[in-house]
Structures are given as structure tokens and as C-alpha cells.
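Encoded as C-alpha cells, the structure appears first; notes follow it.
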């Protein structure tokens with residue numbers, strides 16, 4: 001299980017990186033954290049002719065927080081984002097989700113933006129970005145563009161990133177005032193990809209009544225699907241809301257696939273159960289905020 | 001008298017080098033060796049039409065490419081069938097490289113040798129093999145139906161068929177007042193040591209000598225097999241086993257195709273060659289175990305006593321049968337556990353499938369046997385509305401009935417006679433440890449909170465320490481240092497420590513003066529190997545016997561030197577002295593000097609052994625006719641029969657009413673392996689076994705699709721538990737000494753894993769209220785079982801078996 | 001076909017090393033084969049087992065999921081670098097030996113590197129936290145029982161040593177919580 005040969009590019013500036021990506025075209029891959037890419041290389045399931053290692057590019061490892069939310073640079077490691085107290089305060093869903101990403105050692109090297117670029121519908125950060133309605137910034141020699149989460153995730157391991165583009169950052173917006181979030185998932189082993197996972201956001205008004213309830217799903221759809229479940233719980237307080245009913249609303253709206261770890265039917269069942277659990281927890285967090 | 005080491009929780013002498021990165025595992029050796037890689041079959045069943053290697057030839061760094069056509073003589077013939085048995089109807093073994101057919105995904109077809117493994121894998125990717133695909137045979141059902149046949153020339157897939165019977169079981173069942181039938185199913189798992197297999201060969205053309213390093217559980221077995229295949233005399237082959245990163249059974253298989261090809265290529269190329277298996281190879285091309293289907297028919301009286309037991313087993317042995325039928329033999333004999341079965345009949349068919357071979361994995365058929373028997377015990381309890389512990393107690397062999405002859409032939413070809421054991425005492429201990437009698441109250445309280453909890457119990461007896469023999473060699477150097485060698489290998493069991501403890505006590509020398517070598521044919525060529533929980537029993541006994549011989553000689557020589565009676569001497573801290581007069585004594589190193597009459601002195605101490613020093617007895621030659629020079633002892637331990645360890649596990653689980661997650665709340669073990677050499681090590685063995693038992697019950701399975709592709713050949717999808725999945729283990733010991741060996745010990749290596757599937761199935765069943773007959777069980781499967789149960793597709797457990805007090809009708 | 005080679009400089013266990021490697025050489029293989037530091041073990045080469053874990057700038061990292069060329073300019077610590085230069089074993093090493101936290105020893109270097117880093121940030125873990133700390137590494141021998149014990153024992157040794165060191169009472173700090 002050794003990787004195949006490739007030509008190695010180690011740019012030190014963003015401009016060099018974008019030039020390199022433009023040069024190598026479809027035969028090139030970006031190497032950031034490498035925690036998803038290198039296993040594929042070692043198993044020889046991928047064999048790009050060129051790797052553009054962006055780890056040496058200056059100025060991409062930021063985690064910055066402002067009134068709009070948290071902006072995460074392409075080289076910020078999961079562990080950096082997770083450890084950032086300002087980021088956790090602004091967008092609690094980040095830390096709530098990141099603690100579920102594989103194991104700490106993987107989070108030390110893996111990057112949050114790299115995980116988004118990988119567009120794995122089983123990944124926590126894709127669901128987080130989708131739930132919050134965030135966006136990513138893609139750069140190329142032709143310039144920059146901002147892509148909303150809804151437009152970015154196209155299919156399993158498929159994004160709308162174009163050849164020659166590098167994801168330079170991601171923006172996770174602050175949830176609306178009065179909101180709480182939660183992240184819950186069920187994996188066969190601690191740290192495994194979830195059989196099903198739910199990221200939830202519940203918004204309360206000043207009287208602590210639910211005005212919005214949404215959930216994003218892992219591992220039960222080809223993309224990080226977001227469902228609006230407000231109708232089941234609108235106008236109720238967290239104590240009186242029927243979150244199980246919200247869970248039932250999910251029925252028929254997801255199309256999970258079965259695999260050796262969980263059947264499609266079981267995943268669909270988990271989606272209902274975990275929806276209720278995540279919404280209940282999110283509502284509780286909204287009250288506490 | 002110095003502190004006795006036997007029985008003490010001594011820290012391991014192995015650890016210093018292992019915690020500092022100074023271990024020497026297979027792939028740590030041979031820095032300059034060429035690397036081997038293999039083109040392996042992507043098909044479960046195919047005929048090789050053509051192999052085109054031209055694409056690989058321009059890979060820079062390529063050294064050689066070999067196919068079966070390059071082999072001749074014994075190397076071109078099938079590999080040996082290691083354990084022949086009259087019940088084997090058609091024993092097929094693979095070739096070192098596939099000759100015409102391949103029978104599982106992963107079977108080696110072409111060997112590539114290159115400058116390094118990266119380049120070797122590049123070349124492997126450029127070799128084109130043209131296959132004519134044939135029908136796969138996957139799973140026990142397909143194998144038994146025999147609509148498709150694995151091996152050309154066979155009319156079905158039955159490799160072996162064996163019936164053993166004591167009494168007339170079927171008549172006894174027919175006459176019994178109660179009768180139950182069970183269909184049980186256990187899936188495949190595998191040993192999965194953290195270090196895969198590996199072989200490193202050095203051929204010395206000038207001396208015509210082969211030095212082979214292998215990550216194996218048998219140095220002597222590999223030596224004999226490699227010598228035979230390569231056409232070498234045994235004396236031309238040395239096998240050295242370096243540090244081994246776990247075995248658990250898979251590394252007892254030998255010679256692997258790779259284990260032959262590597263030394264063969266090293267000789268052909270006149271250059272060192274190494275193959276270190278990668279993880280994907282280990283999943284597809286090493287060995288698996290466990291898969292069986294069992295049909296049990298049992299007749300019993302109204303007190304739950306067995307009157308007749310009839311078990312029919314279908315065993316999946318994979319593509320070939322290199323290790324014979326040891327696993328199903330063990331299942332069919334060890335199934336009986338601590339019980340008297342009344343009349344017993346067991347029949348098994350061992351079946352070929354187009355999947356990886358099946359050879360012993362820790363427990364080696366026992367987990368399946370215990371699953372059959374313990375599920376049966378629980379079913380009897382349910383049927384009669386009895387407490388599950390009481391049914392077991394009603395069937396126990398009593399301590400005063402030992403030795404107890406079960407009337408069968410065991411896996412070592414010798415009678416299945418239990419040597420000792422106290423099962424009622426074990427049961428009392430485990431009930432107390434887990435709080436068996438208080439559990440009903442706990443469960444009722446949990447139920448009231450909407451939680452589902454259940455308790456399970458499972459008992460086992462494990463034949464350990466089978467022969468034929470192991471040897472020990474103990475030598476005192478003139479420095480006083482003691483060198484100990486035994487032939488069997490070690491892969492984490494702490495043999496270097498445990499054997500040193502035994503020798504320290506026998507000789508009266510400090511542990512720090514003792515070094516132990518295992519698995520090196522240069523030091524101890526006569527050996528069998530490490531399997532069946534035999535390391536401590538066999539080599540422990542052998543080194544004890546060898547040390548006793550040495551001690552006798554040491555005392556005799558010292559008695560001469562001290563002009564004392566040998567009977568009055570003792571050895572304390574490496575010094576032979578007169579009991580009660582410690583000032584009159586002589587260092588053991590000096591005794592070693594005196595043991596070897598010298599013409600030439602080589603240092604100050606050795607002068608004492610030369611011809612003009614001291615008083616000589618002119619009536620005797622310097623070395624007596626019945627003596628030999630040197631202070632060493634060699635002896636061999638060969639037991640009459642296996643010794644039988646036993647134990648009982650109890651587990652409490654909680655199942656999530658919504659998600660069907662299964663969580664272990666308590667895992668309790670009572671363990672009896674006779675005298676404990678080192679409780680620290682024994683408990684470590686139990687811990688590791690329990691983790692593998694939990695793994696086999698709740699997480700691990702080899703998932704083949706119907707085409708014979710292994711779908712989860714990675715640690716991503718083969719769910720070996722992390723620390724987060726393994727519960728805390730609570731252990732209590734019982735020590736019933738074995739009367740069969742000089743130390744009173746029984747094996748401990750496999751015990752922890754044996755009742756895992758049975759005890760967890762029992763607990764889940766207790767929590768859920770319906771029978772669990774198939775393991776492992778995942779949350780997804782439990783979810784679907786609940787659905788079927790809710791729809792009436794599964795019968796509720798009858799009677800008070802669920803111990804809720806609210807009897808299921 | 002000739003593969004391009006890169007001259008790289010690596011700082012490992014405080015010493016500078018140079019190696020000439022293709023870009024695809026995994027850090028694990030570079031350490032083992034090019035630098036002869038075979039204490040780092042390779043157990044799966046897909047980042048799941050953790051046997052190859054080394055510290056990169058202090059942080060535990062899978063060396064099978066990193067190329068040696070990417071490791072330039074970083075401080076690498078392997079199991080060989082855990083003990084003091086005078087040979088005094090790291091508290092984690094001592095604790096693993098004391099608690100029988102290893103059997104075959106193959107996974108052990110990965111556990112040692114992970115735990116050594118963990119205790120620097122979490123000097124006083126609970127049993128549950130200790131279990132979580134080693135939750136990303138596979139061991140097939142021990143059932144993790146004595147590894148968890150060893151994490152707790154290593155924390156205890158660190159606290160004892162901090163207390164014994166000059167000005168140690170203060171340094172031990174939160175360590176006395178249990």
C-alpha cells in the first residue's frame with residue numbers, strides 16, 4: 001500500500017499555487033491535510049500525475065471571527081478550529097461537529113476546508129456549512145468566486161469546484177439571534193463515519209417560542225441535505241414542542257443507501273430518532289444562550 | 001531463601017526495548033533487502049489463461065518477476081497439508097504461485113522483486129493477467145448446496161466429514177421428556193494482529209546456508225517446510241523469529257506461499273529479499289475463522305439435565321485446507337464445556353468456499369462450540385422456566401468426578417479427559433462478582449425508567465497445552481549469567497519474563513541474570529510452536545525440567561568442590577552454599593568453570609579448570625563416561641494429554657430502545673488456569689481475549705459479497721474495536737492446579753475470547769425478550785430483529801426465562 | 001522511467017537529518033528506511049490504526065498520511081525521542097511498563113507518542129478522559145485495560161515529578177485535584 005509516483009509542486013505563495021494548479025489541470029490534486037487523499041493514494045484508488053502541496057503557502061491558516069461569523073482558511077487544521085474559543089462562541093456548531101470528526105490525531109493534520117473540498121456527504125463539516133447556509137471561496141488564476149453551500153455540494157465526493165481552482169476559505173455564518181445548535185450522530189465505532197448524523201438549528205423568539213427548526217443530514221443523502229422542520233414545532237416552547245413529530249416529518253424526504261454497516265431502512269429510522277434528539281438539544285442550547 | 005518469582009506480578013523484561021523503539025520486528029530488519037510484492041487474483045474463482053509481464057519490464061528498479069512456470073521440483077507442487085486426518089475426504093492445498101486456477105481473491109499469482117516496495121507495487125500494477133472467470137462459491141449455504149464446485153475433480157465441496165458419538169444420542173433424545181432444536185449461525189472474523197505476516201531471507205552461497213527470518217508462530221515448522229520445498233538439508237536452514245507484532249493463530253499456518261517464494265527468490269537472485277505484508281494483503285490473503293452453522297437437538301429432563309445432545313455442524317474452511325480440520329474438531333469436542341451431555345453425537349462437514357482460508361484464530365473453534373452449548377443451556381432454562389445458572393449447575397461435572405473422560409478424541413489425537421477443575425466454585429464466584437441474584441431488581445428499576453438491560457452467563461472448558469512436546473535448554477555461563485532457550489515463539493505473551501521467573505526459582509538465580517531466547521532454531525531446533533494456549537504449559541514445564549537437570553549437576557560439582565554432601569546444598573542468589581552455613585559456598589559461575597575441564601585458561605577464573613590446579617581423581621577421566629562438559633541442562637516436556645482450563649463470563653448490557661445500540665455495562669470474568677506464573681501477564685491475556693470476544697460479538701465480520709469480493713478489507717470497514725468499544729473487565733481467579741505437569745499450570749492465552757459471543761448473545765436476548773441465534777449482532781441487525789419480533793415473526797421467549805417475573809406466554 | 005528525487009532535510013528528535021527521496025515517500029517509510037528509526041511502526045497505511053503516530057511540532061500525526069517532503073521545516077518526535085538524552089524514560093514509557101500496558105509492543109510507539117502529547121495539555125485526566133485520549137489507536141493485544149491504567153499512572157508520575165522538582169508544588173497545580 002504505497003502511493004503511486006507523482007510530480008510534486010510546493011508553492012509558497014497563493015499566486016504560485018494557482019499557477020501550478022492552472023498548469024497541471026485535470027491531472028493535478030491539491031494536497032492540504034491529506035487525511036482523505038493520502039489513504040486513497042496509498043490504496044492506489046487515485047493516481048494523479050501532479051500534487052500541489054499547499055502546506056507551505058503563507059496566509060492560509062487563519063481562523064477569523066467577525067460579526068458575520070467564522071472564516072476558516074484553507075490550511076486551518078480541524079484541531080485549530082476546534083480549539084478556537086472565539087469561533088466556538090460565534091458558531092457553536094463548529095466545535096459541536098468537529099469533536100465528531102474522526103479522531104484527534106486526524107484532526108491535528110486534516111483541514112476543515114479540505115474536508116469541504118472533498119464533499120463527502122458523510123462528513124460533519126459539509127453538513128455544518130449546509131445547515132448554516134455558509135459559503136466557500138474558490139480562487140484560480142482567473143480570479144475568485146464565492147459559492148454557497150447549496151451550490152457547492154453537487155453529489156457524493158463531487159463539488160462545483162472547477163479545474164484549476166483552490167478553495168481558499170470557508171465562511172460559517174453566525175446563526176440568527178436566539179438560535180441554538182446541536183450535532184448528534186451514530187457511528188459503529190467512536191470516530192467512524194456516521195451511519196447517520198444530524199446537525200440541528202433551532203431559533204426561538206423572545207418568548208422562547210420556536211420560530212425556525214432546521215436539520216442537516218450526514219450519510220443519508222448524496223449531498224448534505226438540509227430540511228426545514230419548523231412546521232412541526234413552530235410556536236412551541238422547547239418544553240412543549242413535539243420534536244418526535246419533527247422527526248417523523250423527515251420520513252420519505254431522505255433517500256439513504258444501505259451498506260455493510262447499516263441498512264437503508266435502519267438509517268432512515270435513525271434519521272427520525274436523531275432528528276428529534278438533535279432538535280431537542282439545539283432548542284435547549286437556544287434557551288441557554 | 002530468595003523471594004519466589006513464580007506467582008508474582010513481575011514487570012516484563014521485554015518491555016524496556018519495546019517502549020523505547022528498540023524492538024526488532026520483521027520489517028525492521030534487512031534494510032538492504034530487495035522488496036517483494038505479489039500480483040494477486042482479483043477474482044474468487046478463475047482459470048489463469050495468460051500472464052503478460054512486458055508492461056512491467058521497463059519499471060526502473062525492477063529486479064525479477066516470477067510465475068509458476070519458473071518453479072520446479074517440490075516448489076512446483078502443492079503446499080503441504082499440515083495436519084492429515086482420516087476424516088479428510090479431499091484435502092486441497094494451494095501452490096506457491098497459482099498454477100492454473102485461483103480459488104479466492106488475493107491468491108498470489110505472480111511474484112515481483114524490486115529495489116523497494118514502491119517500485120514493486122508499480123510493477124505489480126503493470127502486469128496483465130488474463131483470467132477466465134468461473135463461478136464463485138461463497139457462504140456455507142452455497143457450499144453445502146454444491147450447485148457450484150470450488151475444486152475441479154470434486155463432485156461437491158465437502159473437504160472432510162467426521163462423526164463422533166458417545167452412547168446413542170438420538171435414542172436418548174427421542175426418549176427424553178423435553179426436546180428442543182436450535183439453528184445457530186456465526187460469521188467470519190480474523191486474528192488481525194497489528195503486524196501482518198513477513199519474511200526476510202538471506203542466502204549465503206559460499207556456505208550454502210539459508211537464514212530465514214519470519215513473523216511466525218513456529219520456527220521449527222517453517223524450517224522443516226522450507227527445507228523440504230527448497231530441496232535443502234535441515235542443517236542448511238536456520239529460522240529466526242524476531243519480535244512478532246501479534247499472532248493470535250494466523251501465524252501458525254506455514255509455509256505460506258510468500259514464506260516459500262521469498263527464500264526461493266533470495267537463493268535464485270543471490271541477494272536478500274524481504275516481504276512485509278501490507279494491511280490489505282492481510283485481510284484478503286492471510287486467514288480467517290469462525291464461520292459455522294450449527295443445528296442442535298437436545299433432550300433433557302424436567303430438572304434441566306441433559307439426556308442426549310445431537311449437534312450437526314457445517315464449517316466453512318475457505319479455499320484450501322492447509323491446516324486440516326483442527327477448528328471443527330475443536331468445536332465438536334470443546335462444545336461440551338463443563339457439562340455431562342448424557343449421550344452425545346456430533347457430526348461436521350468441512351466445506352470449501354472460494355474465500356480466504358480458515359485456520360485457527362484465538363479460541364480456534366471453541367467460541368463456536370461454546371455458543372452452541374450455552375445457547376442450548378439458555379434455551380433449556382427458557383423452556384423449563386428455570387434460572388439459567390441453575391440449569392448449568394445441574395449439568396456440571398463435579399470436582400470429585402475428576403479426571404473426567406468425555407469419551408471423545410481431542411484435537412491432539414488423544415482422549416478428551418479433563419484433568420481437574422471446580423465448576424461449582426467458579427459459578428458461585430461469577431454469580432457473586434456480577435451480582436446475578438440481585439439483577440432482577442436492577443432490571444425492574446431500569447425498565448421503570450424506560451431502559452432495556454439484560455444479563456448473560458456463559459461457561460467454557462478449554463483444552464490447553466497439547467503436545468507433542470517442547471524443549472528447554474538452560475546454560476550457566478562462567479560469568480554466572482543464565483541463558484535459557486526454548487523453541488516455541490512468542491508474540492506478546494511475555495514468555496521471556498514468565499520463563500525467566502520459572503528458571504529463577506528452579507535455579508535460585510536472580511531474574512536479572514537470566515536471558516531467554518525463543519523461536520530460534522540455532523538455539524533449540526526441536527520444537528513444535530505456539531498455539532492452543534501451550535506456551536507456558538509446554539515451554540514452562542520444559543525449562544523447569546531442564547533447570548532441574550542443570551541444578552542437579554551444579555550441586556554435584558559444587559559438592560565435590562566444597563567437600564560437602566549435595567543433599568545439604570542450596571542455591572541462593574546465584575551462589576551454591578551449604579544450608580545453614582552460607583559462608584561455605586561457591587558462585588554458580590565458578591561451578592560453570594569447574595564443569596568444563598580445560599587445557600587452556602582464558603582468564604583468571606578459568607585457571608581453576610585446568611589440569612595442574614586442584615586435586616584430580618586419577619581413577620576417573622576428566623569427564624566421566626555418563627557426563628558431559630559444561631553447566632547446562634536440556635530436557636523436553638511431553639504431556640500425556642492436554643490440560644483443561646476453564647472459566648465463566650457474565651455480562652450486563654443495555655440496548656437503546658430507539659437506536660438499537662448495544663452497550664456493555666459490566667463484563668465479569670472468573671478464570672481458572674491452574675497455578676498462575678505471573679498474574680499481571682495472565683490478566684493481560686484475559687483482557688485481550690475479552691476484547692476480541694466483544695469484537696466478534698458486536699463489531700467484526702468478514703463481509704464477502706456473493707461474487708467473493710471482500711467488501712471490508714480495511715480498518716475503516718472491518719470494525720476492530722478501539723478503547724471506546726471495549727468495556728472495563730472485572731476478573732476473579734480460581735486456581736485448580738493441573739496434576740499433569742511439574743508446575744500445576746494450565747494455558748491462559750485464548751481463554752478470554754472463548755465465551756464472548758455466547759455471553760453477549762445471552763445478555764442481549766435477556767434485554768430484548770427474544771432469541772438471539774446469530775452472531776455478531778449490529779445495531780442495524782437488532783433493529784430489524786425488533787421489527788420482525790413486533791410483527792410476530794420471532795417468537796417471544798417462553799416462561800420466566802427473561803427473569804422479569806412477568807412470564808412471556 | 002526515472003522518478004524525480006528530492007533532497008530533504010528533516011529535524012527528528014532534535015537532530016538534523018538529510019535524505020534523498022521521491023516525493024511519494026511516506027514520512028513513516030522515510031523515518032524507518034532512510035533514517036533507520038524503526039521504532040515507528042506501520043500497521044495499516046490508511047491512517048486508522050495509529051501505530052505510525054509521531055509528533056509533528058508537538059502534535060500527534062499519522063506518519064503514514066504525510067509525505068516526507070511535506071515534513072521539512074517541522075520538528076518531528078518519534079518514540080526514540082521520548083526518553084531524556086541521558087536515557088531516563090519518559091513518564092509514559094515508565095507507566096506502560098509498570099502497568100503492563102503492552103504485549104506484542106507493535107502498536108505501543110503510537111500510543112506513547114499520543115499519550116505524551118495528551119498529558120501536556122491534560123495533566124490530570126479522569127479514567128473516561130484517559131480512555132478517550134487513546135481512542136484513536138488500535139491495539140489487538142491488551143483490550144486497552146492496562147493502556148488506560150497506564151495513561152492515568154503516567155499522569156500521576158508527571159505530577160509526582162513536578163512536585164518533587166524545585167518549585168514543584170506550584171507547578172503541579174491542578175494535578176492535585178484527584
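Chains as they are written, first to last, in full-length UniProt numbering: chain F, 1 to 289; chain D, 1 to 809; chain X, 1 to 178. Every residue, glycine too, gets a C-beta built ideally from N, C-alpha and C. Quick caveat, the model's predicted, so the values are computed rather than measured.
Distance between residue j and residue i (C-alpha atoms, nearest Å)
{"i": "residue 739/D", "j": "residue 502/D", "result": "18 Å"}
{"i": "residue 107/D", "j": "residue 127/D", "result": "15 Å"}
{"i": "residue 390/D", "j": "residue 369/D", "result": "21 Å"}
{"i": "residue 69/F", "j": "residue 88/F", "result": "10 Å"}
{"i": "residue 218/F", "j": "residue 301/D", "result": "54 Å"}
{"i": "residue 119/X", "j": "residue 584/D", "result": "54 Å"}
{"i": "residue 578/D", "j": "residue 89/X", "result": "41 Å"}
{"i": "residue 524/D", "j": "residue 473/D", "result": "7 Å"}
{"i": "residue 635/D", "j": "residue 27/D", "result": "33 Å"}
Which residues DSSP lists as bridging residue i, in chain order
{"i": "residue 671/D", "result": "647/D and 733/D"}
{"i": "residue 54/D", "result": "None; residue 54/D has no bridge partner."}
{"i": "residue 183/D", "result": "295/D"}
{"i": "residue 203/D", "result": "210/D"}
{"i": "residue 346/D", "result": "164/D and 311/D"}
{"i": "residue 548/D", "result": "Answer by DSSP bridge pairing: none, since residue 548/D is not bridged."}
{"i": "residue 65/D", "result": "112/D"}
{"i": "residue 86/X", "result": "In DSSP, residue 86/X forms no bridge with anything."}
{"i": "residue 606/D", "result": "Its beta-bridge partners do not exist; DSSP assigns none."}
Chain D contact for residue i (CB, 9 Å cutoff)
{"i": "residue 248/F", "result": "no"}
{"i": "residue 220/F", "result": "no"}
{"i": "residue 265/F", "result": "yes"}
{"i": "residue 137/X", "result": "yes"}
Min CB distance residue i to chain F below 9 Å
{"i": "residue 97/D", "result": "no"}
{"i": "residue 784/D", "result": "yes"}
{"i": "residue 128/X", "result": "no"}
{"i": "residue 809/D", "result": "With a pLDDT of 35 at residue 809/D, under the threshold of 50, the predicted position of this residue should be treated as unreliable, though the coordinate-derived value follows. Not an interface residue."}
Residue j beta carbon less than 9 Å from that of residue i
{"i": "residue 260/F", "j": "residue 711/D", "result": "yes"}
{"i": "residue 167/D", "j": "residue 342/D", "result": "yes"}
{"i": "residue 352/D", "j": "residue 137/D", "result": "yes"}
{"i": "residue 653/D", "j": "residue 454/D", "result": "yes"}
{"i": "residue 170/F", "j": "residue 182/F", "result": "no"}
{"i": "residue 667/D", "j": "residue 682/D", "result": "no"}
Residue-chain proximity (residue i, chain X), Cβ-Cβ < 9 Å
{"i": "residue 722/D", "result": "yes"}
{"i": "residue 29/F", "result": "no"}
{"i": "residue 44/F", "result": "no"}
Closer than 9 Å to chain B by CB, residue i
{"i": "residue 106/F", "result": "Checking the listed chains, one finds no chain B in this structure; the protein chains it contains are F, D and X."}
Original post:
Are three or more beta carbon pairs between the region 86-98 of chain F and the region 9-19 of chain F nearer than 8 Å?
Top reply: Contact between the region 86-98 of chain F and the region 9-19 of chain F is absent, because fewer than three Cβ pairs lie under 8 Å.
Checklist line | the region 766-774 of chain D touching the region 694-706 of chain D, judged by at least three CB pairs closer than 8 Å | finding: In short, these stretches do not touch, since the Cβ pair count stays below three.
Are there three or more Cβ pairs, one per stretch, closer than 8 Å when the region 603-622 of chain D is compared with the region 414-421 of chain D? No: fewer than three Cβ pairs fall under 8 Å.
Given 8 Å, three or more beta-carbon pairs between the region 195-206 of chain D and the region 256-274 of chain D:
Contact between the region 195-206 of chain D and the region 256-274 of chain D is present: 3 or more CB-CB pairs across the two stretches fall below 8 Å.
Exercise for the section: May I ask you to verify whether the region 384-400 of chain D touches the region 310-317 of chain D, counting CB pairs closer than 8 Å and requiring at least 3? Expected result: In short, these stretches do not touch, since the Cβ pair count stays below three.
Contact the region 47-63 of chain D vs the region 285-295 of chain D: 3+ CB pairs below 8 Å:
Fewer than three Cβ pairs drawn from the region 47-63 of chain D and the region 285-295 of chain D lie within less than 8 Å of each other, which leaves the two stretches out of contact.
Q: Say whether the region 150-163 of chain D touches the region 244-257 of chain D, bearing in mind that this needs 3 or more beta-carbon pairs closer than 8 Å, one atom from each stretch.
A: Contact fails: fewer than three Cβ-Cβ distances are below 8 Å.
Using a Cβ distance threshold of 8 Å, determine whether the region 235-248 of chain D contacts the region 184-196 of chain D, with at least three qualifying pairs required. Taking 8 Å as the limit for Cβ pairs, the verdict is that the region 184-196 of chain D does touch the region 235-248 of chain D.
Stretch pair the region 33-53 of chain D + the region 120-132 of chain X: three plus CB contacts closer than 8 Å = By the Cβ rule, the region 33-53 of chain D does not count as touching the region 120-132 of chain X, because fewer than three pairs are nearer than 8 Å.
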